[in-house]
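Working notes, structure below.
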Amino acid sequence: MGDSNAAIEYQTFKIPYEVLNKQFREAQKSMARQQARIKDVTKVLDDKIEGGQAIPVDEVKPALVELKNRIDAMQTLMHRSLAEQQETVHDMQQRAHYLSTGVDSSLNEHEQWTWEKERIDRLVLQHLLRSGQLETAKALAEKTGLSKICDLRMFEQAYVVEKALRSGDTGPCLEWIHEHRSRLRRLSSELETEVRILDAVELVKNGQRVDALNYARKFLKQSLEEGSDHVRKLWAAIACGAAHAAYKELAAEDRWERVAQLFRQENARIYQLPEQSAFSACLQAGLAAHKTPACGANANPNCVACDTTVHAIVNDLPYAHATNSKLICGHTGEPLDEKNVPMMLETGHVVGERALRQLRDGDFIKFKNGTTHINDVKRLFIL
Numbered sequence: 000m001g002d003s004n005a006a007i008e009y010q011t012f013k014i015p016y017e018v019l020n021k022q023f024r025e026a027q028k029s030m031a032r033q034q035a036r037i038k039d040v041t042k043v044l045d046d047k048i049e050g051g052q053a054i055p056v057d058e059v060k061p062a063l064v065e066l067k068n069r070i071d072a073m074q075t076l077m078h079r080s081l082a083e084q085q086e087t088v089h090d091m092q093q094r095a096h097y098l099s100t101g102v103d104s105s106l107n108e109h110e111q112w113t114w115e116k117e118r119i120d121r122l123v124l125q126h127l128l129r130s131g132q133l134e135t136a137k138a139l140a141e142k143t144g145l146s147k148i149c150d151l152r153m154f155e156q157a158y159v160v161e162k163a164l165r166s167g168d169t170g171p172c173l174e175w176i177h178e179h180r181s182r183l184r185r186l187s188s189e190l191e192t193e194v195r196i197l198d199a200v201e202l203v204k205n206g207q208r209v210d211a212l213n214y215a216r217k218f219l220k221q222s223l224e225e226g227s228d229h230v231r232k233l234w235a236a237i238a239c240g241a242a243h244a245a246y247k248e249l250a251a252e253d254r255w256e257r258v259a260q261l262f263r264q265e266n267a268r269i270y271q272l273p274e275q276s277a278f279s280a281c282l283q284a285g286l287a288a289h290k291t292p293a294c295g296a297n298a299n300p301n302c303v304a305c306d307t308t309v310h311a312i313v314n315d316l317p318y319a320h321a322t323n324s325k326l327i328c329g330h331t332g333e334p335l336d337e338k339n340v341p342m343m344l345e346t347g348h349v350v351g352e353r354a355l356r357q358l359r360d361g362d363f364i365k366f367k368n369g370t371t372h373i374n375d376v377k378r379l380f381i382l
């Protein structure tokens, strides 16, 4: 797969890879805990039979039963973990097989076009998922049949957390944080601090300042020691109440939406996804390639960068950069050079000599609602 394809398809493989990595680490930790429990029971048995003397069965039977139960539990855990990992590996294999068809040189033109169309659908689908447009993404996935090679499950879980935060419920988010605590710690994430502040502010809002103080001491002491500005403001809000400026700042109406957006960013970081989706990056790259100083809203109805639906995006993009400029025929789209000499019509439009043969109707050239006599067509020379 070429470098461009690898960049575009990064999310296609990165999310299931990170899921597999997480499944493996969790299974490893769980197996280690089960192994430690088995060792505890075997130590009890060793102590009872130490010395090689005969002992009543009733004395060791409870320990043997416990040993069997723990071995069975470990076996069940092992089978469940393997099944989960095998499912994820199978998912990755399906994606690899699907993507390999796109670079198959034996595809005919229609098959290649169909695959490219599906890739655009996938990029749009991934962008919708990352933007929180879950229902629209589901509808597109069902319509295109791409459900098996997107990551609906992961984004459904994220959607539940975001929806809960926007409705003032931190429970699902705290559960998610607990599940990914080690990874968030390595990323130096401030998500848990911000969520805990939300809970404490709600307690202050309800007049439960003592409860808010105890809550902050329990969950935010380390953040205070690390110098968190928001935590210092929270302590001021707890001490001085709802009338204090610190409380008013922390209790701003947009606080839940701000934390929901922070969660979305951290969820992307957990899976090592770039800040922008592949669709967003491709769209901006394409628009920048067409942007020139002459572009403006509806300046040229035939220019994609002048389209009013995307002009707000185009405004912040750089101009197209080309070390060697090329002139393109306004009719055929072919390069204008010594083999296809540029010709200017009375309307000011420039087309190639080849296009004149296609546009000529008797002694006249008809192009874009304009008519030029063949004798009035002028050859252009490029310096």
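Here numbering that gives the first Met the number 0 is used: the first residue of the sequence shown is 0, the next is one more, and so on. The beta carbon of each residue, even a glycine, is placed where N, CA and C say it ideally should be.
According to the neighbour-count rule (16 or more other Cβ atoms, all chains shown, within 10 Å of its Cβ), is residue i buried or exposed?
i: alanine 138; result: exposed
i: lysine 290; result: buried
i: tyrosine 214; result: buried
i: histidine 372; result: exposed
i: asparagine 266; result: buried
i: phenylalanine 320; result: Contrary to the premise, residue 320 reads as histidine rather than phenylalanine in this sequence. That one is exposed.
i: tyrosine 246; result: buried
i: leucine 233; result: buried
i: proline 383; result: As displayed, the chain neither begins before 0 nor continues past 382, which places residue 383 out of reach and without an answer.
i: methionine 0; result: For methionine 0, the predicted model reports a pLDDT of 46, less than 50, meaning its position is unreliable and no value from the coordinates is stated.
i: phenylalanine 380; result: exposed
i: glutamate 8; result: buried
i: leucine 63; result: exposed
i: serine 104; result: exposed
i: arginine 18; result: The residue asked about is misnamed: residue 18 is valine in this sequence, not arginine. Looking at its Cβ environment, which holds 16 or more other Cβ atoms inside 10 Å, valine 18 is buried.
May I ask which residues mark the beginning and end of the beta strand (DSSP E) holding residue i?
i: lysine 365; result: 363 to 366
i: glycine 170; result: Element bounds for glycine 170: not the beta strand (DSSP E) but the alpha helix (DSSP H), 170 to 178.
i: proline 341; result: 341 to 343
Restricting to Cα atoms, I'd like to know which of the options is closest to residue i.
i: glutamate 191; options: Ala199, Ile176, Ala304 and Glu201; result: Ile176
i: alanine 241; options: Glu333, Phe218, Gln207 and Ala53; result: Gln207
i: isoleucine 196; options: Glu225, Leu249 and Arg359; result: Leu249
i: lysine 13; options: Arg94, Thr331, Ile119 and Gly170; result: Arg94
i: isoleucine 327; options: Met342, Val313 and Pro317; result: Met342
i: alanine 354; options: Glu225, Ile364 and Asp210; result: Ile364
i: alanine 31; options: Ala53, Val40, Met73 and Glu17; result: Met73
i: alanine 5; options: Ile119, Val303, Ala277 and Glu193; result: Ala277
i: asparagine 20; options: Val376, Asn297 and Glu86; result: Glu86
i: alanine 251; options: Ala236, Val303 and His348; result: Ala236
i: arginine 118; options: Ile148, Glu108 and Leu212; result: Ile148
i: glutamate 352; options: Thr346, Val209, Asn374 and Arg378; result: Arg378
i: serine 279; options: Glu193, Arg152, Gly167 and Gln125; result: Gln125
i: arginine 121; options: Gly295, Glu274 and Lys142; result: Lys142
Rounding to the nearest angstrom, what Cα-Cα distance links residue i and residue j in this structure?
i: serine 99; j: arginine 24; result: 29 Å
i: proline 61; j: valine 200; result: 51 Å
i: aspartate 198; j: glutamate 155; result: 24 Å
i: leucine 382; j: valine 102; result: 41 Å
i: aspartate 90; j: tyrosine 97; result: 11 Å
i: glycine 369; j: leucine 344; result: 9 Å
i: leucine 128; j: glutamine 84; result: 24 Å
i: tryptophan 112; j: leucine 106; result: 9 Å
i: lysine 162; j: lysine 116; result: 32 Å
i: arginine 36; j: glutamate 58; result: 19 Å
i: isoleucine 312; j: cysteine 239; result: 45 Å
i: valine 376; j: threonine 11; result: 53 Å
i: leucine 286; j: alanine 304; result: 6 Å
i: lysine 367; j: aspartate 360; result: 14 Å
i: arginine 231; j: proline 317; result: 41 Å
i: arginine 254; j: leucine 133; result: 22 Å
What span of residues does the alpha helix (DSSP H) with residue i cover, start to end?
i: valine 159; result: 151 to 165
i: glycine 295; result: Looking at the DSSP string, glycine 295 is not in any alpha helix (DSSP H), and its letter there is neither H nor E.
i: alanine 304; result: It is not in any alpha helix (DSSP H) - alanine 304 carries neither H nor E in the DSSP assignment.
i: glutamine 221; result: 220 to 224
i: threonine 41; result: 9 to 47
i: leucine 124; result: 108 to 129
i: glutamate 193; result: 190 to 204
i: glutamate 134; result: 133 to 143
i: lysine 232; result: 228 to 239
Could you give the DSSP three-state label for residue i: helix, strand or coil?
i: valine 376; result: coil
i: threonine 370; result: strand
i: valine 350; result: strand
i: aspartate 336; result: strand
i: aspartate 103; result: coil
i: aspartate 57; result: helix
i: lysine 381; result: For the record, residue 381 in the displayed sequence is isoleucine; it is not lysine. Of the three classes helix, strand and coil, the one that applies to isoleucine 381 here is coil, per DSSP.
i: phenylalanine 312; result: According to the sequence as given, residue 312 is isoleucine; it is not phenylalanine. Helix, per DSSP.
i: asparagine 4; result: helix
i: aspartate 253; result: coil
With respect to 7 Å, is the separation between the Cβ of residue i and the closest non-hydrogen atom of the ligand SAM below this value?
i: arginine 195; result: This structure lacks the ligand SAM, and indeed carries no ligand of any kind.
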